[in-house]
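Chains X and Z, in that order, are what the protein sequence lines are.
Sequential numbering from 74 applies to the first sequence in the working numbering.
Sequential numbering from 74 applies to the second sequence in the working numbering.
Each residue gets a CB set at the ideal place from its N, CA and C atoms; glycine is no exception.
Before any comments, here is the structure.
Number of protein chains: 2
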Amino acid sequence: MPAEFEPHDGCYLVWPERTDTWRLGAKPAQEAFAAVATAISTSDPTTVLASSRQWEHARALLPPEIRVVEMTSDDAWARDTGPTFVVDSTRSERRGVDWVFNAWGGLEGGLFFPWANDDLVAAKVCELSGSRRYRAPLVLEGGSIHVDGEGTCLTTAECLLNRNRNPAQSKDEIEGHLRSYLGVDRVIWLPLGVPFDETDGHVDNLACYLAPGRVMLTWCEDPANPLREVSYEARRVLEASVDAQGRSLEVVLVPAPSIPSMTAEEAAGIDRTLGAKPRTGGDPLAASYINFYIGNAAVVFPLIDPRHDDLVQELLARELPGRRPVGVPAREILLGGGGIHCITQQVPAVGV
Amino acid sequence: MPAEFEPHDGCYLVWPERTDTWRLGAKPAQEAFAAVATAISTSDPTTVLASSRQWEHARALLPPEIRVVEMTSDDAWARDTGPTFVVDSTRSERRGVDWVFNAWGGLEGGLFFPWANDDLVAAKVCELSGSRRYRAPLVLEGGSIHVDGEGTCLTTAECLLNRNRNPAQSKDEIEGHLRSYLGVDRVIWLPLGVPFDETDGHVDNLACYLAPGRVMLTWCEDPANPLREVSYEARRVLEASVDAQGRSLEVVLVPAPSIPSMTAEEAAGIDRTLGAKPRTGGDPLAASYINFYIGNAAVVFPLIDPRHDDLVQELLARELPGRRPVGVPAREILLGGGGIHCITQQVPAVGV
Chain X
74 MPAEFEPHDG CYLVWPERTD TWRLGAKPAQ EAFAAVATAI STSDPTTVLA
124 SSRQWEHARA LLPPEIRVVE MTSDDAWARD TGPTFVVDST RSERRGVDWV
174 FNAWGGLEGG LFFPWANDDL VAAKVCELSG SRRYRAPLVL EGGSIHVDGE
224 GTCLTTAECL LNRNRNPAQS KDEIEGHLRS YLGVDRVIWL PLGVPFDETD
274 GHVDNLACYL APGRVMLTWC EDPANPLREV SYEARRVLEA SVDAQGRSLE
324 VVLVPAPSIP SMTAEEAAGI DRTLGAKPRT GGDPLAASYI NFYIGNAAVV
374 FPLIDPRHDD LVQELLAREL PGRRPVGVPA REILLGGGGI HCITQQVPAV
424 GV
Chain Z
74 MPAEFEPHDG CYLVWPERTD TWRLGAKPAQ EAFAAVATAI STSDPTTVLA
124 SSRQWEHARA LLPPEIRVVE MTSDDAWARD TGPTFVVDST RSERRGVDWV
174 FNAWGGLEGG LFFPWANDDL VAAKVCELSG SRRYRAPLVL EGGSIHVDGE
224 GTCLTTAECL LNRNRNPAQS KDEIEGHLRS YLGVDRVIWL PLGVPFDETD
274 GHVDNLACYL APGRVMLTWC EDPANPLREV SYEARRVLEA SVDAQGRSLE
324 VVLVPAPSIP SMTAEEAAGI DRTLGAKPRT GGDPLAASYI NFYIGNAAVV
374 FPLIDPRHDD LVQELLAREL PGRRPVGVPA REILLGGGGI HCITQQVPAV
424 GV
C-alpha cells in the first residue's frame, strides 16, 4: 500500500444522503462534501459516488470536472467502505483490498443497521476502476490504518482489537492479515484513539504519516481533556518505536481543538430511526486536525477552531511543501461523526 | 457518428430486471442477456449496467472480463436509452448525444410509465466514460437511426415522424436535428418499420448498413405476411436513393422469419402492472434477423428460426468478413419487445 503522500491517479468520495446521520435532509453536509470534493478536484481527478435518488442533485451541485457516478451506499465514508488500493513492486498494476465492513462494530456498538450496501462499495469501486480485488477475511475500515509506503503500518489497538470487529482472531492473526494485504513488515500499535470517536478510535483522527519516519500527532495538554492522556501515551509509543526500515520516528505535534459538541438545534435536524444511533444536544464531537487529505497538489484540511486554523495551515504548508493547504469548514462533517480524511479514498498512481 | 462496423472501444448493455417486461422474474432474460454480453465481450470491452438490487446477481452470472457497473434504469434497452456516441473529424475525442427518451411514445402508446430513470441513462453513461454530452432537443431512441459513417442516416417516418415523439416539430426540423447531432448530410426516410414492432417501426429491426453503400434489409415474399408490403416498399426507396457521397445503394436481402407469437404460458409469467403494457398469449413478436450487433471481431446475431439461422450465419460471414458470426438464442429478448441490437450500444474508437 503506497502512502497517501505518494502520487495519486484520483480520489473517490461518497455523497451524503441519509437523514438519520446528516441534519436537515443532508443539505448542509452536501454543501460541505461538495466543498471538499471541489478542493480535491483541483489536485486529484475526483469521482463522487451518489445514489440514484441523489445523482441529479449531486451532478448539479458539483463542478463539471468532478465525475459523478451512481452507486448505492448506506452512508458516505469512502475511507472506511472504499477499497484500500495497493500496487505491485513495479507500480504497473493496482488492485483493491475489499475489507469486510460492519458499520464500525456490527450489532455491538455499530452505528447503523443494515450495512450491506456499504459492504459492496469496495467491490463496485474496483469494478469501476478496472482493478482486481482481494476480499480480505478481516473486518476493517480504511480509517483505522495509515502506512508510510515503506513497510510500516500505524494502527490502534482500541479499534483493530475491539471485540466488535474480529473477536475470533488473535492480535497476531490480525497483524498477519495487515502484513499480507498491505504488504507491510511492521505494525506499530498505538493503544487508544481520540476520545468520543464513534469508530472505536480510528488512527486517522489521532496520527498520520507526513513522510517516512515522520508522524503528525494531535496534541493536548489540557488536564481536563481526556485526549491529554491518549496523546501523551501515543507520543510515548511512537517515540519508542522503530519502523520497518529501522528508523526511529520523529513526531510533529498539532494542537487539538477543544472538544466541540452538537447543539440541541443540530440534533433536532437529524431523523430518529430504529436503524441508526440517536443524536442528542451536547454530544461531544471527535474533532481533530489530523483528519486531512493529502492530494497531489493540495492538502485539504478541516477548519474547526478559529484559534488554531491558521496555525495548522502554516504547519501543513511547512510539513508538506509543494502542496497548497486548503481549509474547508468541517463542522457539518463532524456532526456526522468524522472528518475530511474519513470521506475520501485516494487511488495511488501506477505507471509513473 | 461513426458506423457500427467501424472500430469500437467498447459496448454497453443494461441488465434486465423489471418483471412486467420480462417473464419469470426476468431470470430467462438475464440468461439471454448474459449470453449476448459474453459473446460481445470476446470482441469488444463490455460493460453491463445493473441496478443496486441486481448488481450482485449480474456480477455472479457474468464472466469476470465483463465490467458490471451499478446504474438505475427503467428497463434494459441500451440502444434506445444510452448515448449515441459521436467523434470529431480527427477521431481524437468522443462525445455523447443524449436524446430525450419517452419510453417509445410517452403517454400516447409508450410502453411504460414512468421513464425518468431511463432518460438519465445517457447522461450517466457519459459521466462514466468521461465523455462530454449534448442534450438534444428531440425525442429519439438509438434504434430508430442507422448511419454509414460517411454522412448518411437511415430512419423510418413511422417512428421519427410519429406524433407521440415530436409533434411540434416538422419533418425538416427533425431532419435538421439529425444533421446537426449526427453530423450527416443526407437522411434516407423509409416509410414503415416491421409490423407489430412496439417501437413504432425502429429502423434497426428493418434495415442496417453493412458498409457504406451497402444495406441489409429484412425480406418477406409471403403475401399473407404484412411485412411483405413493408419490405417491398423499403427496397424500392433504398434502390431509388442516393447517399451523402452520391452513391446508389446496394441492397442485400435477409429472409424474415415467420411471425412468432407469445404463448399463453409465457404471457402468464409476466407481471401485470398499471405502469406497463399488458401481455397476452398470441401477441405477435417483431422478430428480425436485422437486429444484430456488429463488434470488432464478432457479429452477434439472433437465433430465431432453425429453418433460417444457418443461412443467416453464412450470409453474415460473407457480408462482414473478418468477423466471427455468433448466434445467440433470442426468444427471451423478443418476448420483451426487441432484439440483440436493441440491447447494445457501441462506443466508437478514438485515437486510432
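Of all the CB atoms in chain X, is at least one closer than 8 Å to the CB of Z/T145?
Z/T145 counts as touching chain X.
Thinking just about the alpha-carbon of each residue, which of X/D270, X/R320 and X/D316 is nearest to the one in X/V303?
The shortest C-alpha to C-alpha distance from X/V303 to any of X/D270, X/R320 and X/D316 is the one to X/D270.
What is the DSSP secondary structure of Z/F78, reduced to helix, strand or coil?
It is coil, neither helix nor strand.
Cβ-based neighbour list, X/C293, same chain, cut-off 7 Å, excluding 5 preceding and 5 following
Close CB contacts of X/C293 within its chain, under the 7 Å cut and outside five residues either way in sequence, are with L300, R301, S304 and A329 (chain order).
Residues of its chain near Z/L283, where Cβ-Cβ distance is below 8 Å and the 5 sequence neighbours each way are ignored
If we look at Z/L283 and ignore the five residues flanking it on each side, its Cβ neighbours are F78, M289, V325, E392 and L393.
Mind listing the chain Z neighbours of X/V141? Cutoff is C-beta to C-beta under 9 Å, in chain order.
Near X/V141 (Cβ distances below 9 Å), the residues of chain Z are K197 and E200.
Per DSSP, what are the beta-bridge partners of Z/H219 in this structure?
According to DSSP, which records beta bridges pairwise, Z/H219 is partnered with Z/L227.
Look at the Cβ atom of X/R396, then the Cβ atom of X/A371, and state whether they are nearer than 8 Å.
Between X/R396 and X/A371, the C-beta spacing is below 8 Å.
Pair within 8 Å by beta-carbon distance, Z/W262 and Z/T291:
No, the pair does not count as a contact, with Cβ atoms beyond the cut-off.
DSSP has X/A280 in a bridge; who is on the other side?
Under DSSP, X/A280 shares a beta bridge with X/L290.
Got a sec, what are the start and stop residues for the alpha helix (DSSP H) X/Y207 sits in?
Where X/Y207 is concerned, there is no enclosing alpha helix (DSSP H), although the beta strand (DSSP E) it sits in stretches over R205 to V212.
Within a Cβ cutoff of 6 Å, which residues of the same chain sit near X/R96, ignoring the five residues on either side of it in sequence?
Excluding residues within five positions, the ones whose Cβ falls inside 6 Å are E339, G342 and I343.
Quick one: does Z/N190 have its CB under 8 Å from some CB of chain X?
Judged by the 8 Å Cβ criterion, Z/N190 is in contact with chain X.
Chain-ordered residues of the stretch 115-126 of chain X with a beta carbon less than 7 Å from chain Z:
Answer set for the stretch 115-126 of chain X: S125.
Residues from the stretch 199-233 of chain Z in contact with chain X, defined by Cβ distance under 8 Å
The stretch 199-233 of chain Z vs chain X, Cβ under 8 Å: E200, L201 and G203.
Considering only C-alpha positions, which residue in the set Z/V425, Z/C415 and Z/F365 is nearest to Z/P156?
When the alpha-carbon of Z/P156 is set against those of Z/V425, Z/C415 and Z/F365, the nearest one is in Z/C415.
Can you grab the Cα-Cα spacing for the pair X/F186 / X/F174, in whole Å?
Those two C-alpha atoms are separated by around 12 Å.
I'd like the list of long-range same chain contacts for Z/P136, defined as Cβ closer than 8 Å, with 5 residues on each side in sequence excluded.
Close CB contacts of Z/P136 within its chain, under the 8 Å cut and outside five residues either way in sequence, are with T111 and S114 (chain order).
DSSP-derived helix/strand/coil call for X/D295:
The answer is coil: DSSP assigns X/D295 none of H, G, I, E or B.
Return the chain-ordered ranges of every alpha helix (DSSP H) run that is complete within the stretch 105-160 of chain Z and spans a minimum of 4 residues.
Here the runs fully enclosed are 128-134 and 151-154.
Proximal residues of chain Z, C-beta to C-beta of X/E172 below 8 Å:
The question names Glu, but residue 172 of chain X in the sequence shown is Trp. Proximity of chain Z to X/W172 at the Cβ level (cut-off 8 Å) is not reached, the minimal Cβ distance being about 18 Å.
Mapping the DSSP letters down to three states, classify Z/P101 as helix, strand or coil.
Helix, per DSSP.
Run through chain X and tell me which residues come within less than 8 Å of Z/W88, C-beta to C-beta.
Contact of Z/W88 with chain X by beta-carbon distance below 8 Å is absent, the smallest such distance being about 13 Å.
Out of curiosity, what's the CA-to-CA distance linking X/D147 and Z/I332?
Those two C-alpha atoms are separated by around 48 Å.
Three or more beta-carbon pairs under 8 Å between the stretch 165-173 of chain Z and the stretch 212-232 of chain Z, yes or no?
Verdict: yes, contact present.
X/I261 lies in the beta strand (DSSP E); which residues open and close that run?
Looking at the DSSP string, the run of the beta strand (DSSP E) that includes X/I261 is R259 to L263.
On the CB-based measure, 16 or more other CB atoms within 10 Å of its CB, does X/K197 come out buried or exposed?
Buried, by the Cβ-count rule.
Give every residue of the same chain whose Cβ lies closer than 6 Å to the Cβ of X/C281, excluding the five residues on either side of it in the sequence, and list them in chain order.
Taken in chain order, the residues that qualify are H219, M289 and I363.
By alpha-carbon positions, which one of Z/E248, Z/L234 and Z/R205 ends up nearest to Z/C226?
The shortest Cα separation from Z/C226 among Z/E248, Z/L234 and Z/R205 belongs to Z/E248.
Under 8 Å between the Cβ atoms of Z/L322 and Z/M74?
Result no, Cβ atoms of Z/L322 and Z/M74 do not sit closer than 8 Å.
Closer than 7 Å to a non-hydrogen atom of the ligand GDP - does that hold for the CB of Z/P299?
Absence of the ligand GDP from the depicted structure is noted, as is the absence of any ligand whatsoever, leaving it without description.
Count the other C-beta atoms from every protein chain shown that fall within 10 angstroms of the C-beta of X/S116, then say buried if there are 16 or more, exposed otherwise.
The residue in question, X/S116, is buried, as its Cβ has 16 or more Cβ neighbours within 10 Å.
Taking Cβ positions, are X/T145 and Z/S125 nearer each other than 8 Å?
Yes, Cβ-Cβ distance for X/T145 and Z/S125 is below 8 Å.
So that I know if they touch, is there some Cβ in chain X lying closer than 8 Å to that of Z/W128?
Judged by the 8 Å Cβ criterion, Z/W128 is in contact with chain X.
With H, G and I counted as helix, E and B as strand and the rest as coil, what does DSSP make of Z/L180?
In this structure, Z/L180 counts as coil in the three-state DSSP scheme.
Quick one: is Z/Q318 buried, meaning 16 or more other Cβ sit within 10 Å of its Cβ, or exposed?
Exposed, since its Cβ has fewer than 16 Cβ neighbours within 10 Å.
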